[in-house]
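Below: the structure, in structure tokens.
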Amino acid sequence: MKAAVIVFPGSNCDRDMAVALKAAGADVEMVWHKDADLPDHLDLVTVPGGFSFGDYLRCGAIAAQSPICKALARHVNRGGYALGVCNGFQVLTETGLLPGALMRNAGLKFVCKSSALNVVTSSSPFTEGYNAGDIVNFPIAHHDGNYTADPQTLQVLNGEDRIAFTYRDNPNGSLADIAGVLSENRRVLGMMPHPERAVDDGHGGTDGQALFRGLIGQLANV
Ligand SMILES: NC(=O)CC[C@H](N)C(=O)O
Numbered sequence: 002m003k004a005a006v007i008v009f010p011g012s013n014c015d016r017d018m019a020v021a022l023k024a025a026g027a028d029v030e031m032v033w034h035k036d037a038d039l040p041d042h043l044d045l046v047t048v049p050g051g052f053s054f055g056d057y058l059r060c061g062a063i064a065a066q067s068p069i070c071k072a073l074a075r076h077v078n079r080g081g082y083a084l085g086v087c088n089g090f091q092v093l094t095e096t097g098l099l100p101g102a103l104m105r106n107a108g109l110k111f112v113c114k115s116s117a118l119n120v121v122t123s124s125s126p127f128t129e130g131y132n133a134g135d136i137v138n139f140p141i142a143h144h145d146g147n148y149t150a151d152p153q154t155l156q157v158l159n160g161e162d163r164i165a166f167t168y169r170d171n172p173n174g175s176l177a178d179i180a181g182v183l184s185e186n187r188r189v190l191g192m193m194p195h196p197e198r199a200v201d202d203g204h205g206g207t208d209g210q211a212l213f214r215g216l217i218g219q220l221a222n223v
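For what it's worth, the working numbering labels the leading residue of the sequence shown as 2, then goes sequentially.
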């Protein structure tokens, strides 16, 4: 199973993402934001957390204009899998590959702590390693994690079972406690919490392992 991690100036979770993917059995390559193409052999493209381009304009807005994001859109539009975490989720909404937007946290403060989440659906390649209703703990670290979408989009997300994770103790004001959403074909997941920071006992928890192992196990059979 071949995966890539996109690196922007200001990414700071790219190595963590690579380590988590490799630990789950993926072959991983790093891809620079100026690259205009993604290799055809990739099964999964990940957009890591961080502060791409210094979070100027809106978080992820400048990164979304990078050459690599056009290649990412082509990958997704031909049915490729993609995972965006934190700043990566912001990039996925800014590129229009996922619906909604991430606004400044309701408390106007950077929030950095462990967060308890509900797994809302196990019906996706990213969450099939969990049961719906499971509670997992992932770190969060962001100042723009306040997910919003118009009422019609929220209805579609609910109706199509596309809310992957919700916060148990909404730390940022997100609409309907949403922490992560899936694309219509369920092959793209964006989420603010960091599963890649919860894959080793040294992290203080390993609840993220099931996400990477489940995903990579599934893609190995594609
Ligand atoms: N950890 C992250 O990816 C942070 C994302 C973004 N820079 C924010 O603070 O909202």
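Glycine residues also receive a C-beta, built at the ideal position from the N, C-alpha and C atoms.
On a predicted model such as this, the values are computed, not experimentally measured, just so you know.
Handout entry: Coarse secondary structure for L144, derived from DSSP in three states
Key = Translated into the one-based positions of the sequence shown, residue 144 becomes position 143. Checking the displayed sequence, the identity of residue 144 turns out to be His instead of Leu. Correct three-state label for H144: coil.
Problem - N- and C-terminal bounds of the beta strand (DSSP E) containing I63 - result: On the sequence shown, residue 63 is found 62 positions in, with the first residue counted as 1. Premise fails: I63 is in no beta strand (DSSP E) and is neither H nor E.
Practice task
Compute the Euclidean distance between the alpha carbons of T128 and A37, then round it to the nearest angstrom.
Solution key: As a first step, residue 128 must be located in the sequence shown, where it is residue number 127. As a first step, residue 37 must be located in the sequence shown, where it is residue number 36. Between T128 and A37, the C-alpha separation is close to 30 angstroms.
Practice task
Measure the alpha-carbon distance for S116 versus N88 and round it to whole angstroms.
Solution key: The count along the sequence shown starts at 1 and reaches residue 116 at position 115. The count along the sequence shown starts at 1 and reaches residue 88 at position 87. Whole-angstrom Cα-Cα distance: 17 angstroms.
Handout entry: Proximity below 8 angstroms, CB of N159 to CB of N106
Key = Taking the first residue of the sequence shown as position 1, residue 159 is located at position 158. Taking the first residue of the sequence shown as position 1, residue 106 is located at position 105. The answer is no: Cβ separation not under 8 angstroms.
Handout entry: Proximity test, H143 beta-carbon vs ligand 1 heavy atom, cut-off 7 angstroms
Key = Position 142 of the sequence shown, counted from the start, is the residue given in the question as residue 143. Answer for H143: yes, Cβ within range of ligand 1.
Handout entry: Cβ distance (whole Å) where T149 is taken to contact G181 below 8 angstroms
Key = Within the sequence shown, residue 149 is the residue found at index 148, counting from 1. Within the sequence shown, residue 181 is the residue found at index 180, counting from 1. In fact, because the Cβ distance is near 14 angstroms, the residues do not count as touching under 8 angstroms.
Practice task
May I ask which residues mark the beginning and end of the beta strand (DSSP E) holding A211?
Solution key: In the sequence shown, counting from the first residue as 1, residue 211 sits at position 210. Looking at the DSSP string, A211 is not in any beta strand (DSSP E); the run it does join, the alpha helix (DSSP H), is 210–221.
Practice task
Select from I179, H144, D145, H143 the residue whose C-alpha is nearest the C-alpha of Q156.
Solution key: Here residue 156 is taken as the residue at index 155 of the sequence shown, counted from 1. Of I179, H144, D145, H143, the residue nearest in Cα terms is I179.
Handout entry: Neighbour-count burial assignment, S247, 16 or more Cβ in a 10 Å radius
Key = With the chain covering only 2 through 223, there is no way to say anything about residue 247.
Exercise for the section: Check whether the segment 132–151 touches the segment 186–195, taking contact to mean three or more Cβ pairs, one atom from each stretch, closer than 8 angstroms. Expected result: yes
Exercise for the section: Say yes only if the C-beta of D56 is nearer than 7 angstroms to one or more non-hydrogen atoms of ligand 1, and no if none qualify. Expected result: Mapped onto the sequence shown, residue 56 falls at position 55. Yes, ligand 1 has a heavy atom inside 7 angstroms of this Cβ.
Exercise for the section: Using only the heavy atoms of ligand 1, determine whether one of them is closer than 7 angstroms to the beta carbon of Q91. Expected result: For this step, residue 91 is matched to residue 90 along the sequence shown. Yes, Cβ of Q91 sits closer than 7 angstroms to a heavy atom of ligand 1.
Exercise for the section: Consult DSSP for E129 and reduce its assignment to one of helix, strand or coil. Expected result: By 1-based counting over the sequence shown, the position of residue 129 is 128. It is coil, neither helix nor strand.
Exercise for the section: Let me know if I136 comes out buried or exposed under the rule of 16 or more other beta-carbons within 10 Å of its beta-carbon. Expected result: Counting from 1 along the sequence shown, the entry for residue 136 is found at position 135. So I136 ends up on the exposed side.
Exercise for the section: Answer yes or no: the CB of F139 versus the heavy atoms of ligand 1, is any distance below 7 angstroms? Expected result: Residue numbering aside, residue 139 sits at position 138 when the sequence shown is read from its first letter. It does not: the Cβ of F139 is nowhere closer than 7 angstroms to a heavy atom of ligand 1.
Practice task
Taking 8 angstroms as the cut-off, decide whether the C-beta atoms of G97 and L43 are in contact.
Solution key: Here residue 97 refers to the residue found at position 96 of the sequence shown. Here residue 43 refers to the residue found at position 42 of the sequence shown. Not in contact: G97 and L43 (Cβ atoms no closer than 8 angstroms).
Problem - Coil, strand or helix - C104 by DSSP - result: One-based indexing of the sequence shown puts residue 104 at position 103. Looking at the sequence provided, one finds Met at residue 104 rather than Cys. Looking at M104 - three-state DSSP - the assignment turns out to be strand.
Practice task
Counting only the same chain and skipping the five closest in sequence on each side, list residues whose C-beta sits under 8 angstroms from that of N171.
Solution key: Translated into the one-based positions of the sequence shown, residue 171 becomes position 170. Cβ neighbours of N171 beyond the five flanking positions: D178.
Practice task
Measure the Cβ-Cβ separation of C70 and A64 and say whether it is below 8 angstroms.
Solution key: Taking the sequence shown and counting its residues from 1, the one referred to as residue 70 is at position 69. Taking the sequence shown and counting its residues from 1, the one referred to as residue 64 is at position 63. In contact: C70 and A64 (Cβ atoms closer than 8 angstroms).
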